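Structure first, commentary second.
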Amino acid sequence: MREVNALIRSMSGMKGTIREITKFVPKALVRELLQSEGTLEVGGETRLVSILFTDIRDFTEMAGQMPAEKLMINLSEYFDELASLIIRESGTVDKYIGDAVFAFWNAPLPVARHEHAACATALKCRLALRRLNERWMERGLAPWQTRFGVHVGPAVLGNVGSSDRIDYTAIGNTVNIASRLEGLNKHYGTGILASGDIADACSEEFLFRRVDRSQPKGAGQPLDVFELLGMREGPEELRVTLEMTRLVEDWNRVYAEYSRQDWLGTLDALQAFAAQHPADVVAGIYLSRVIGFVLEPPPQNWDRIIHFDQK
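Just add 14 to the spot in the sequence shown (first one is 1) and you have the working numbering.
Below you can see the structure in the form of structure tokens.
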């Protein structure tokens, strides 16, 4: 009986240890290691994954104005909101990078319709953070604003590191593009930006607004950039509203003139758009751009790509 009790205590301790380990390593990897009775080795495989990057607006400035202990408490509460949602939506939290979150879907375990899961998670995270901000403001705390970037593509998934320190992660240009999409929110005044690949895969279930064709600094190719607005079906707080639909319809008329490089026609369309959506930041960017094109038109063979020389 003494040996049985000791075994039970040992098993209980092992379970507790495994639970703690899964806070640092994806559960699927822990399960694989236990089943194989082996060791994890450095290496990876190429797989199609959907990637989500997040970042807090003006976090560096806020961090300089808060005591470190208070900042750590708030940041932990913030990460808990995001990470729990990502995991519930079958995502893998790769790592926290300062105030940023890097997560992906379809690895280490396959996820059906992972592009849709990434989009839904971005919208759900935005809603959860809105509620977190409401609780914070009731406690006299300043709200935080988060930007999101979503992309899908091939990446190398696997264990990277040295013989005594391994990190399961995704690497490749797809990861870089997702990060750059998140950063472009700063320029366009948007909250969730997605690639054309995401919009193509998810446009039946989600509403997207075409924003631009851009090539961020460090990106090897131009991107079709879309703003993710809402779900066509789903919880009411995440669902597409009539206002969102009208904004996209009105903007499509502006973008059609812009695509034809009819600059005066684009200015007329922007004026009509601004009358209905006066606070739209993207329209203001296009207004400044098109006025410049009226004064100095781009080359006739211009590919409509906007190049950024800063991240």
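Where is the CB? At the ideal position from N, CA and C, for every residue including glycine.
Predicted, not measured: the structure shown is a model, and the values here were computed from it.
May I have the straight-line CA-CA distance separating Ile305 from Arg223, to the nearest angstrom? In the sequence shown, counting from the first residue as 1, residue 305 sits at position 291. In the sequence shown, counting from the first residue as 1, residue 223 sits at position 209. The alpha-carbon atoms of Ile305 and Arg223 are separated by roughly 22 angstroms.
If you drop the 5 nearest sequence neighbours on each side, which residues of the same chain put their C-beta closer than 8 angstroms to that of Leu281? Here residue 281 corresponds to residue number 267 of the sequence shown, with the count starting at 1. Answer for Leu281: Leu301, Val304, Ile305 and Val308, listed in chain order.
CB contact flag (Ser228, Leu237, <9 angstroms): Walking along the sequence shown from the start, residue 228 turns up at place 214. Walking along the sequence shown from the start, residue 237 turns up at place 223. In contact: Ser228 and Leu237 (Cβ atoms closer than 9 angstroms).
Would DSSP call Trp158 helix, strand or coil? On the sequence shown, residue 158 is found 144 positions in, with the first residue counted as 1. In this structure, DSSP gives Trp158 a state outside helix and strand, which the three-state scheme calls coil.
Report back the beta-carbon spacing between Ile70 and Asp108 to the nearest angstrom; my notes put them in contact at under 8 angstroms. By 1-based counting over the sequence shown, the position of residue 70 is 56. By 1-based counting over the sequence shown, the position of residue 108 is 94. Their Cβ separation, rounded to whole angstroms, is 17 angstroms, which puts Ile70 and Asp108 out of contact at 8 angstroms.
Are the segment 99-106 and the segment 70-88 in contact at 8 angstroms, needing three or more beta carbon pairs? Short answer: they don't touch.
First and last residue of the uninterrupted beta strand (DSSP E) at Asp214: Start at 1 with the first residue of the sequence shown, and residue 214 comes out as number 200. Boundaries around Asp214 are those of the alpha helix (DSSP H), Gly210 to Cys216, since no beta strand (DSSP E) includes it.
Using 8 angstroms as the cut-off, can you tell me whether the segment 80-93 makes contact with the segment 177-192, which would need three or more C-beta pairs spanning the two stretches below that distance? With a cut-off of 8 angstroms, the segment 177-192 and the segment 80-93 do not count as touching, because too few Cβ pairs lie within range.
Same chain only: Cβ atoms within 7 angstroms of Val254, ignoring 5 sequence neighbours per side: Here the question's residue 254 lines up with position 240 in the sequence shown. Once the five neighbours on either side are set aside, the close Cβ partners of Val254 are Leu221, Leu243, Gly244, Met245 and Arg246.
Please name the residue or residues paired with Pro168 in a DSSP beta bridge. Here residue 168 is taken as the residue at index 154 of the sequence shown, counted from 1. Answer by DSSP bridge pairing, in chain order: Leu62.
As assigned by DSSP and simplified to three states, the class of Val174: Here the question's residue 174 lines up with position 160 in the sequence shown. The three-state secondary structure of Val174, taken from DSSP, is strand.
Nearest-angstrom Cα separation, counted from Thr188 out to Gly58: Residue numbering aside, residue 58 sits at position 44 when the sequence shown is read from its first letter. Residue numbering aside, residue 188 sits at position 174 when the sequence shown is read from its first letter. Rounded to the nearest angstrom, the two C-alpha atoms are 15 angstroms apart.
List, from N- to C-terminal side, the beta strand (DSSP E) runs of 3 residues or more that fit wholly inside the segment 181-248. Entirely contained in the segment 181-248, the beta strand (DSSP E) runs reaching 3 residues are, in chain order, 206-209, 220-229 and 237-245.
Give me whichever residues DSSP pairs with Trp119 in a beta bridge. For this step, residue 119 is matched to residue 105 along the sequence shown. Its beta-bridge partners are Ser64.
Here's the rule: buried if 16 or more other CB atoms are within 10 angstroms of the residue's CB, otherwise exposed. What is His321? Counting from one through the sequence shown, the residue named residue 321 turns up at place 307. By the neighbour-count rule (16 or more Cβ atoms within 10 Å), His321 is not buried but exposed.
Taking DSSP's pairing of strands, which residues face Lys109 in a bridge? For the purposes of this step, residue 109 is taken as the residue at position 95 of the sequence shown. Lys109 is bridged to Phe116.
Range of the contiguous alpha helix (DSSP H) that encloses Ser90: Counted from its first residue, the sequence shown places residue 90 at position 76. Annotation: the continuous alpha helix (DSSP H) that includes Ser90 extends over Ala82 to Arg102.
Could you tell me the alpha carbon to alpha carbon distance between Ala213 and Phe240, rounded to whole angstroms? On the sequence shown, residue 213 is found 199 positions in, with the first residue counted as 1. On the sequence shown, residue 240 is found 226 positions in, with the first residue counted as 1. Taking the Cα positions, Ala213 is about 7 angstroms away from Phe240.
Beta bridge counterpart(s) of His321 as assigned by DSSP: Working through the sequence shown from its first residue, we reach residue 321 at position 307. Looking at the DSSP output, His321 bridges to Gln229.
List the DSSP bridge partners of Arg253. One-based indexing of the sequence shown puts residue 253 at position 239. Paired residues: Met245.
Limits of the alpha helix (DSSP H) - the one that Trp150 falls within: As a working mapping, residue 150 is identified with position 136 in the sequence shown. Per DSSP, the unbroken alpha helix (DSSP H) holding Trp150 starts and ends at His128 to Glu152.
To the nearest angstrom, how far is it from the Cα of His130 to the Cα of Asp294? Taking the first residue of the sequence shown as 1, we reach residue 130 at position 116. Taking the first residue of the sequence shown as 1, we reach residue 294 at position 280. Rounded to whole angstroms, His130 to Asp294 spans 26 angstroms at the Cα level.
Measure the CB-CB distance between Val327 and Ile185 and report whether it falls below 9 angstroms. Here the chain comprises residues numbered 15 to 325, so residue 327 is not present and cannot be evaluated.
Let me know if Ser209 comes out buried or exposed under the rule of 16 or more other beta-carbons within 10 Å of its beta-carbon. By one-based count along the sequence shown, residue 209 stands at place 195. Around the beta-carbon of Ser209, 16 or more other beta-carbon atoms lie within 10 Å, marking it buried.
Option nearest Ala134 by Cα separation, candidates Asn147, Leu85, Arg145 and Trp119: In the sequence shown, counting from the first residue as 1, residue 134 sits at position 120. Selected option, being the one with the closest Cα: Trp119.
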